[in-house]
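K.L.:
Line by line, the protein sequences are chains A and B. Per the numbering used here, the first sequence starts with residue 9, numbered consecutively. Per the numbering used here, the second sequence starts with residue 66, numbered consecutively. Yeah, the Cβ is synthetic: ideal placement off N, Cα and C, and Gly gets one too. Here the structure is a predicted model, which means the values were calculated and not measured. One structure, as structure tokens, below. Some questions next.
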Amino acid sequence: MPFIANSDADREAMLAAIGVKSVEELFEDIPSAKRFPELGLPQGLSELEVLREIESLAAKNVSANTCAWFLGAGAYNHFIPSVVPALAMRGEFLSAYTPYQPEVSQGTLQAIFEYQSMAAKLFGMDTVNASHYDGATALAEAVLMAHASASSRTRIMIPAALHPEYKDVLRLYLSAYSVEIEEYRGDPMSAATGLDAGTCCLVASYPDFEGRVHDLAGVADAVHAAGALFIVHADPVMLGLFKSPGEMGADLVTAEGQSLGNAMSYGGPFLGMMGATQKLVRKMPGRIVGQAFDHEGRRGFVLTLSAREQHIRREKAVSNICSNQGLVMLMTTIHLEALGKQGLKAVAQLCWNKSHYAAGLIGKIPGFSVGTDTFFKEFVVKTPRPAAEISRKLIGRGVVPGLPLSRYYPERTHELLICVTEMNTKTQIDLLASSLAEVTR
Amino acid sequence: MNIDKNAHYNASHEWARKDGTEIVTGISDHAQHSLGDIVFVELPEVGKVLKKGETFGVVESVKAASDLYMPMGGTVTAVNEALSGDPALVNREPFSGGWMIKYTASSPAEWDGLLSPESYQAEAAKE
Chain A
9 MPFIANSDAD REAMLAAIGV KSVEELFEDI PSAKRFPELG LPQGLSELEV LREIESLAAK
69 NVSANTCAWF LGAGAYNHFI PSVVPALAMR GEFLSAYTPY QPEVSQGTLQ AIFEYQSMAA
129 KLFGMDTVNA SHYDGATALA EAVLMAHASA SSRTRIMIPA ALHPEYKDVL RLYLSAYSVE
189 IEEYRGDPMS AATGLDAGTC CLVASYPDFE GRVHDLAGVA DAVHAAGALF IVHADPVMLG
249 LFKSPGEMGA DLVTAEGQSL GNAMSYGGPF LGMMGATQKL VRKMPGRIVG QAFDHEGRRG
309 FVLTLSAREQ HIRREKAVSN ICSNQGLVML MTTIHLEALG KQGLKAVAQL CWNKSHYAAG
369 LIGKIPGFSV GTDTFFKEFV VKTPRPAAEI SRKLIGRGVV PGLPLSRYYP ERTHELLICV
429 TEMNTKTQID LLASSLAEVT R
Chain B
66 MNIDKNAHYN ASHEWARKDG TEIVTGISDH AQHSLGDIVF VELPEVGKVL KKGETFGVVE
126 SVKAASDLYM PMGGTVTAVN EALSGDPALV NREPFSGGWM IKYTASSPAE WDGLLSPESY
186 QAEAAKE
């Protein structure tokens with residue numbers, strides 16, 4: 009089948025209609041010397057030669073598997089069981105397009121329903137939608153949804169220690185709305201006590217960008233007392249071990265689902281997860297798949313509550329998202345099903361144990377100190393020499409020690425954000441500590 | 066199409082009827098028929114102050130979602146709680162059991178600016 013269905017006769021007719029003799033004439037505004045430049049490409053190569061060349065280029069990349077990897081800051085190195093790609097890559101599933109037509113897509117729709125069900129349990133929420141592009145856009149959509157629920161309230165409270173790139177996305181999404189984004193420092197509880205009637209929502213990051221896990225007990229009550237909504241952006245792996253945001257009264261929960269079965273892949277494609285209470289479901293963006301029964305009582309799955317969405321509500325819809333992150337969501341579904349509740353808890357426990365072991369070692373190195381003790385898998389250490397310099401030296405030794413905070417905060421030159429997951433062996437953690445000691449001696 | 070002779074109407078198909086000192090509002094029989102099976106009605110909180118023409122809620126049917134507009138301005142004193150469990154009441158009894166909100170009118174004179182049953186019927190028949 010031709011990709012462009014126009015025939016020569018169609019093209020002639022279109023050219024005649026606009027009074028142009030040839031397609032080339034349409035490009036006359038481009039200087040002729042620039043129109044068909046010599047590209048100077050080398051001769052064609054055989055498949056074998058191309059593979060050799062590309063593989064030699066690829067071999068220059070450092071991957072998390074070929075070094076001791078302690079970098080997190082939004083993309084996390086977790087184990088992906090082989091069953092995840094093996095099933096997700098099957099022809100029945102592998103598509104850039106998410107087919108929603110129930111007559112032909114029961115497999116896809118059932119997978120989405122299972123994803124929603126498991127994510128809802130993990131978040132402690134009534135409903136989860138079929139997903140968003142990534143954690144940052146999911147959070148931005150949650151804030152838009154809160155705004156749509158109470159449009160006269162225009163203040164949005166976000167933590168100063170929210171991921172800086174999430175803040176950028178949030179500002180972009182809200183740039184066309186008359187709202188003020190206010191950053192609060194410290195714990196969400198103190199921010200929640202000072203809210204007034206102009207506040208639309210309070211966002212808590214659980215944990216925050218610097219790894220701190222704030223106690224969220226009582227925050228929801230304080231936020232609700234001011235008539236605002238409480239949004240929690242969570243690390244979904246941490247929720248295997250910690251109390252869910254739903255249990256703590258959150259109205260909306262968002263998360264980055266990459267760490268559940270998806271590779272870091274240079275930063276994407278990722279998975280935006282979003283859950284809401286039953287009360288808010290009619291304002292929720294995105295697709296939602298529901299369980300239904302046909303006239304013979306057989307179970308099936310269909311899109312539901314569609315009247316929320318753009319194709320029906322037009323410009324009055326809360327969001328214009330009308331697809332989901334199908335394949336990445338599928339990987340997460342299979343991952344959660346492979347791990348189960350106990351498996352996810354074990355992963356979370358390993359992250360906790362290993363990161364606290366690492367923090368214990370690093371805190372003892374002269375000149376180093378760990379910023380907090382309430383963290384899950386990521387923590388900031390103060391360094392005796394510039395963190396960027398330490399990082400460069402360690403990368404030369406096959407250890408990627410984490411993120412120098414100066415990348416986002418130029419003035420914070422002596423701080424390193426270190427992430428330890430179940431993937432890091434004791435040998436690697438010991439190597440990290442001894443290397444940090446050696447390069448700063 | 067059925068019509069309530071005691072009510073006045075918005076061109077956008079909401080009706081208003083005097084009920085003692087208050088105004089009751091819902092959507093017309095013509096409107097419920099065009100919308101089809103109604104599955105959800107979103108209503109405002111009691112105490113909310115709304116101007117004439119402002120959105121007071123949303124009605125969702127299996128094929129559309131439509132905003133609901135105040136025929137007259139006022140302060141909401143009651144909403145029809147029965148609609149949360151049985152939204153199809155709007156289909157069955159648009160002028161009685163399917164009422165949506167009650168409110169005290171802020172400018173009672175707005176009543177006279179609404180369409181009479183006859184004019185509304187003529188307008189709706191054109192659609």
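Taking 6 Å as the limit between beta carbons, can you name the residues of its chain near Lys117 of chain B, skipping five residues before and five after?
P.N.:
Here residue 117 of chain B refers to the residue found at position 52 of the second sequence. So the list reads Met135, Met137, Gly138 and Glu175, once near-sequence residues are dropped.
K.L.:
Could you name the residues of the region 319-332 of chain A whose beta carbon sits closer than 8 Å to any beta carbon of chain B, in the order they occur along the chain?
P.N.:
Within the region 319-332 of chain A, the qualifying residues are Ile320, Arg321 and Lys324.
K.L.:
Just to confirm before moving on: does the CB-CB distance between Leu237 of chain A and Ser159 of chain A stay below 8 Å?
P.N.:
The count along the first sequence starts at 1 and reaches residue 237 of chain A at position 229. The count along the first sequence starts at 1 and reaches residue 159 of chain A at position 151. For Leu237 of chain A and Ser159 of chain A, no; Cβs fall outside 8 Å.
K.L.:
Among the residues of its own chain, which have a CB less than 7 Å from the CB of Gly235 of chain A, if the five just before and after it don't count?
P.N.:
Sequence index remark: in the first sequence, residue 235 of chain A carries index 227 (1-based). Ala205.
K.L.:
Under 8 Å, Cβ to Cβ, is there at least one residue of chain B near Arg420 of chain A?
P.N.:
Numbered from its first residue, the first sequence carries residue 420 of chain A at position 412. No - not a single Cβ of chain B is within 8 Å of the one on Arg420 of chain A.
K.L.:
Straight-line CA distance for His364 of chain A to Ile166 of chain A?
P.N.:
In the first sequence, residue 364 of chain A corresponds to position 356, counting from 1. In the first sequence, residue 166 of chain A corresponds to position 158, counting from 1. Near 28 Å, if we compare the C-alpha coordinates of Ile166 of chain A and His364 of chain A.
K.L.:
For Met153 of chain A, I'd like the list of residues in its chain whose CB is within less than 8 Å of its CB, leaving aside the five on either flank, ordered along the chain.
P.N.:
Along the first sequence, read from residue 1 onward, the residue named residue 153 of chain A stands at position 145. These residues qualify, in order along the chain: Leu260, Ala284, Leu288, Lys291, Met292, Pro293, Val326 and Ser327.
K.L.:
The region 112-144 of chain B: which residues have C-beta closer than 7 Å to a C-beta of chain A, in chain order?
P.N.:
Those would be Glu125, Ala129, Ala130 and Asp132, in chain order.
K.L.:
Should Ala284 of chain A be flagged as near chain B, meaning a C-beta pair shorter than 8 Å?
P.N.:
Here residue 284 of chain A refers to the residue found at position 276 of the first sequence. With 8 Å as the cut-off, Ala284 of chain A does not count as an interface residue toward chain B.
K.L.:
Near Leu198 of chain B, what residues of its chain come up, given a Cβ to Cβ distance below 7 Å and the 5 sequence neighbours on each side ignored?
P.N.:
The displayed coordinates of chain B run from 66 to 192. Any statement about residue 198 of chain B would go beyond what the structure contains.
K.L.:
What residue does the alpha helix (DSSP H) around Ala24 of chain A start on, and which one ends it?
P.N.:
In the first sequence, counting from the first residue as 1, residue 24 of chain A sits at position 16. Looking at the DSSP string, the run of the alpha helix (DSSP H) that includes Ala24 of chain A is Asp16 to Ile26.
K.L.:
In the DSSP output, which residue or residues are listed as bridge partners for Phe383 of chain A?
P.N.:
Numbered from 1 along the first sequence, position 375 holds the residue referred to as residue 383 of chain A. Per DSSP, A:Arg220.
K.L.:
What is the rounded straight-line gap between the Cα of Thr448 of chain A and the Cα of Asn432 of chain A?
P.N.:
Stepping through the first sequence from its first residue, residue 448 of chain A is reached at position 440. Stepping through the first sequence from its first residue, residue 432 of chain A is reached at position 424. Roughly 22 Å between the two C-alpha positions.
K.L.:
Provide the residue span of the beta strand (DSSP E) that contains Ala242 of chain A, from first to last.
P.N.:
To locate residue 242 of chain A, count along the first sequence from 1; it is residue 234. From DSSP, the beta strand (DSSP E) with Ala242 of chain A extends over Leu237 to Ala242.
K.L.:
Can you tell me whether DSSP reads His78 of chain B as helix, strand or coil?
P.N.:
Counting from 1 along the second sequence, the entry for residue 78 of chain B is found at position 13. His78 of chain B: coil per DSSP, three-state reduction.
K.L.:
At a Cβ threshold of 8 Å, is Arg415 of chain A touching chain B?
P.N.:
Residue 415 of chain A sits at position 407 when you count from the first residue of the first sequence. So, not an interface residue.
K.L.:
What residues from chain B crowd round Arg161 of chain A, counting only those whose CB sits closer than 9 Å?
P.N.:
For this step, residue 161 of chain A is matched to residue 153 along the first sequence. Simply none; closest approach about 14 Å.
K.L.:
According to DSSP, is Gly139 of chain B helix, strand or coil?
P.N.:
The sequence position of residue 139 of chain B within the second sequence is 74, counting from 1. Looking at Gly139 of chain B - three-state DSSP - the assignment turns out to be strand.
K.L.:
Does any residue of chain B have a CB that is nearer than 8 Å to the CB of Ala315 of chain A?
P.N.:
Translated into the one-based positions of the first sequence, residue 315 of chain A becomes position 307. For Ala315 of chain A, the answer is yes, since a Cβ of chain B falls inside 8 Å of its Cβ.
K.L.:
Please name the residue in A:Glu255, A:Phe301 and A:Asp195 whose C-alpha comes closest to that of Ala168 of chain A.
P.N.:
Position 160 of the first sequence, counted from the start, is the residue given in the question as residue 168 of chain A. Comparing Cα positions, the closest option is A:Asp195.
K.L.:
Using a Cβ-Cβ cut-off of 8 Å, state whether Phe160 of chain B counts as contacting chain A.
P.N.:
Counted from its first residue, the second sequence places residue 160 of chain B at position 95. No, no contact with chain A.
K.L.:
Could you name the residues that DSSP lists as bridge partners for Lys167 of chain B?
P.N.:
For the purposes of this step, residue 167 of chain B is taken as residue 102 along the second sequence, with counting starting at 1. Its beta-bridge partners are B:Val89 and B:Ala143.
K.L.:
I want to verify the contact list: residues of chain A whose CB lies under 7 Å from the CB of Glu107 of chain B, in sequence order.
P.N.:
Stepping through the second sequence from its first residue, residue 107 of chain B is reached at position 42. Correct list: Arg290.
K.L.:
Among all the DSSP beta bridges, which residues are the ones paired with Tyr365 of chain A?
P.N.:
As a first step, residue 365 of chain A is located in the first sequence; it is residue number 357 there, counting from the start. Bridge partners of Tyr365 of chain A: none, in fact.
K.L.:
What residue ranges within the region 292-330 of chain A form continuous alpha helix (DSSP H) runs of no fewer than 4 residues, ordered along the chain?
P.N.:
Qualifying alpha helix (DSSP H) stretches, in chain order: 318-321.
K.L.:
Enumerate in chain order the residues of its own chain whose CB-to-CB distance from Ala96 of chain A is below 8 Å, with the five nearest sequence positions on each side excluded.
P.N.:
Here the question's residue 96 of chain A lines up with position 88 in the first sequence. Here the set comprises Leu102, Leu335, Leu338, Met339 and Ile342.
K.L.:
Can you tell which of A:Ile437, A:Ile296, A:Met281 and A:Met246 has its C-alpha closest to the C-alpha of Thr382 of chain A?
P.N.:
For the purposes of this step, residue 382 of chain A is taken as residue 374 along the first sequence, with counting starting at 1. Answer by Cα proximity: A:Met246.
K.L.:
Cα separation between Ile239 of chain A and Ala96 of chain B?
P.N.:
The sequence position of residue 239 of chain A within the first sequence is 231, counting from 1. The sequence position of residue 96 of chain B within the second sequence is 31, counting from 1. Looking at the two C-alpha atoms, the distance is approximately 37 Å.
K.L.:
Could you say which of A:Gly257, A:Val407 and A:Gln118 lies nearest to Asn73 of chain A if we only look at CA atoms?
P.N.:
Your numbering for residue 73 of chain A matches position 65 in the first sequence. If we check each option's Cα against that of Asn73 of chain A, A:Val407 comes out closest.
K.L.:
Starting from the Cα of Val111 of chain B, find the closest Cα among B:Val144, B:Lys83, B:Ala129 and B:Asp102 and give me that residue.
P.N.:
Position 46 of the second sequence, counting from 1, holds the residue named residue 111 of chain B. Per the Cα distances, B:Val144.
K.L.:
Please return the same chain residues whose Cβ sits closer than 6 Å to the Cβ of Pro89 of chain A, not counting the five positions on each side in sequence.
P.N.:
Residue numbering aside, residue 89 of chain A sits at position 81 when the first sequence is read from its first letter. So the list reads Ala346, once near-sequence residues are dropped.
K.L.:
Just reading off the beta strand (DSSP E) that Ile426 of chain A is part of, what are its end residues?
P.N.:
Residue 426 of chain A sits at position 418 when you count from the first residue of the first sequence. Taken as a continuous stretch (DSSP letters only), the beta strand (DSSP E) holding Ile426 of chain A covers Glu423 to Cys427.
K.L.:
Mind checking whether Cys427 of chain A and Phe78 of chain A have CB atoms under 8 Å apart?
P.N.:
Taking the first residue of the first sequence as position 1, residue 427 of chain A is located at position 419. Taking the first residue of the first sequence as position 1, residue 78 of chain A is located at position 70. Yes, the Cβ-Cβ distance between Cys427 of chain A and Phe78 of chain A is below 8 Å.
K.L.:
Quick one: which unbroken beta strand (DSSP E) runs of 3-plus residues sit fully inside the region 119-174 of chain A? Chain order, please.
P.N.:
Runs of the beta strand (DSSP E) inside the region 119-174 of chain A: 163-167.
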